[in-house]
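J.: Before anything else, here's the structure in question.
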Amino acid sequence: MTVTINDVARVAGVSKSTVSRVLNKSGGVSPETEQQVLKAMAALNYRPSFLARGLATQKSYSIAIVVPDIRNPFFAHVCWKAEQVMRDHGYTAIICNTGNQTDEEEVYLRRMKDRRVDGIFIASAIGDATNIINFRAQEKIPVLLFDVAVVGYDIPSVSVDDFYGGRKMTEYLIGIGHRRIAFATSDVTYAERQRLAGYKAALREAGIAVDEELIIMNDEAKWSRGECQQLVELMTSEARPTAIFCSNDLKAIRTYGILQRCGLRIPDDVSVVGYDNLDIVAMMSPPLTTMAQPVDEMVEVGVSMLIAELQGQEREEWQREFKPTLIARESCRPLS
């Protein structure tokens, strides 16, 4: 026989509305009474119906996590951590992968609206995120922007200062004697564009002219296959760079393979650095120098900000920006 909320109320010796308040965490119940209800639920092996709960509260207790590329270990970790935090708060996560496609991002936003999710946690494929800002304003659905900084809009966001990170990594390479520094990237994400801007700024501040020939702009699909003809041509030329700054660790991993096929050794022939500090890069040969982002803390703060809005709590701040940290390993050779 199915156990109902009435059974729980009878065993706990409270009213049905009191049980409902405990289930919905709506307050107005003393700690002692709450424990009575929880004990009754455990004794009866009661499992609340999320459908009935949703009808009563007009909530689905679900949050969409939208990321640009689930294959990227960085975003896979973001999904894992966000789902964990959401689950701890009583929410079910729905994970959506846009494949770095703007139109797919639009499709998922509309689809999640139709599914009546309570909120959306999104790492946008678009730098300025105007589509998300407009969506939030039109649909009145709480949205948290992750890994994208938005200035001048009342939309909660959590990001890392990628301009700072790009500049600091380039300054590190300059500091150990490198002046011909290539930048390997793809013009896909806002974060990568900010890292490139930081790289250029550091060169200019050091009195080094920005050489566009050293900026390797490769298609994301080709990077995923370990293909980059521009990098091959550059590294087999007489004017090859002494260091390569890869805009993320995945590109650094691909770059290792390409350099190996070119017969070049890291760091003896060329230094290589990355960005993200994926778990695997510490085990590479040689271990990769990279920029670490406080991903777990960023996700925890982001999910907490979103849930606070879902629960009608006042926020002290709309945006949080974190600083990345340089992790020096063995993939760089000092030239001075």
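The sequence shown stops at residue 546 when you use our numbering, and every number in between is there. By construction, the Cβ of each residue, glycine as well, lies at the ideal position given by its N, Cα and C atoms.
#1: Using a Cβ-based criterion (distance less than 8 Å to any ligand heavy atom), does residue 225 qualify as near the ligand SAM?
#2: Going by beta-carbon coordinates alone, are residue 542 and residue 482 separated by less than 9 Å?
#3: Could you name each continuous alpha helix (DSSP H) segment of 4 residues or more that falls completely within the region 314-382, going from the start of the chain to the end?
#4: Assign residue 380 to one of two classes, buried (16 or more other C-beta atoms within 10 Å of its C-beta) or exposed (fewer than that).
#5: Buried or exposed: which applies to residue 402, given that a residue is buried once 16 or more other Cβ atoms fall within 10 Å of its Cβ?
#6: If residue 451 and residue 444 are in contact, beta carbons under 8 Å, what's the gap, nearest whole angstrom?
#7: My output table needs one value for residue 277: the three-state DSSP class, helix, strand or coil.
#8: Please state whether the Cβ-Cβ distance between residue 366 and residue 515 is less than 9 Å.
#9: For residue 265, count neighbouring Cβ atoms within 10 angstroms of its own Cβ and tell me buried if that reaches 16, exposed if not.
#10: What are the start and end residues of the alpha helix (DSSP H) that includes residue 311?
#11: By the 10 Å Cβ neighbour count, where 16 or more other Cβ atoms means buried, how is residue 405 classified, buried or exposed?
#12: Give the DSSP bridge partners of residue 481, in chain order.
#13: Report the residue ranges of all beta strand (DSSP E) runs contained in full by the region 500-530; include only those spanning at least 3 residues, in chain order.
#14: Got a sec? Which residues, its chain only, sit under 6 Å from residue 319 by beta carbon, not counting five neighbours each side?
#15: From the DSSP output, in three-state form, read off residue 243 for me.
#16: If residue 275 sits next to residue 303, beta carbons under 8 Å apart, how far is it from one beta carbon to the other, in whole angstroms?
#17: Suppose the cutoff is 6 Å on Cβ atoms and the five residues either side in sequence are ignored; what does the same chain contact list for residue 544 look like?
#18: Rounded C-beta distance between residue 392 and residue 426? I'm assuming under 8 Å.
#19: Would you kindly work out how many angstroms separate the C-alpha atoms of residue 413 and residue 428, rounded to a whole number?
#20: Figure out for me which residue from 434, 298, 353 has the closest Cα to the Cα of residue 528.
#21: Pull up the distance between the alpha-carbon of residue 371 and that of residue 341, whole angstroms please.
#22: Are the region 327-336 and the region 493-501 touching, with three or more C-beta to C-beta distances below 8 Å?
#23: Using DSSP's beta-bridge definition, name the partner residues of residue 395.
#24: Can you grab the Cα-Cα spacing for the pair residue 293 / residue 525, in whole Å?
#25: Please classify residue 328: is it buried, with 16 or more other beta-carbons within 10 angstroms of its beta-carbon, or exposed?
#26: Out of 313, 378, 534, 357, state which residue places its alpha-carbon closest to the alpha-carbon of residue 455.
#27: Quickly, what does DSSP pair residue 289 with across the bridge? List them, please.
#28: The beta strand (DSSP E) spanning residue 536 covers which residue range?
#29: Is it right to say residue 464 is buried, meaning 16 or more other beta carbons lie within 10 angstroms of its own, or is it exposed?
#30: Opposite residue 272 in the DSSP bridges: which residues?
T.: Let me lay it out:
#1: The model on display carries no ligand, and the ligand SAM is accordingly not part of it.
#2: yes
#3: 340-349
#4: buried
#5: buried
#6: 7 Å
#7: strand
#8: yes
#9: Caution is warranted here: a pLDDT of 47 is assigned to residue 265, below 50, making its placement in the model unreliable, and no coordinate value can be reported.
#10: Looking at the DSSP string, residue 311 is not in any alpha helix (DSSP H), and its letter there is neither H nor E.
#11: buried
#12: 453
#13: 500-502
#14: 345
#15: helix
#16: 5 Å
#17: 386, 387
#18: 6 Å
#19: 21 Å
#20: 353
#21: 22 Å
#22: no
#23: 427
#24: 22 Å
#25: buried
#26: 378
#27: Bridge partners of residue 289: none, in fact.
#28: 535-537
#29: buried
#30: 302
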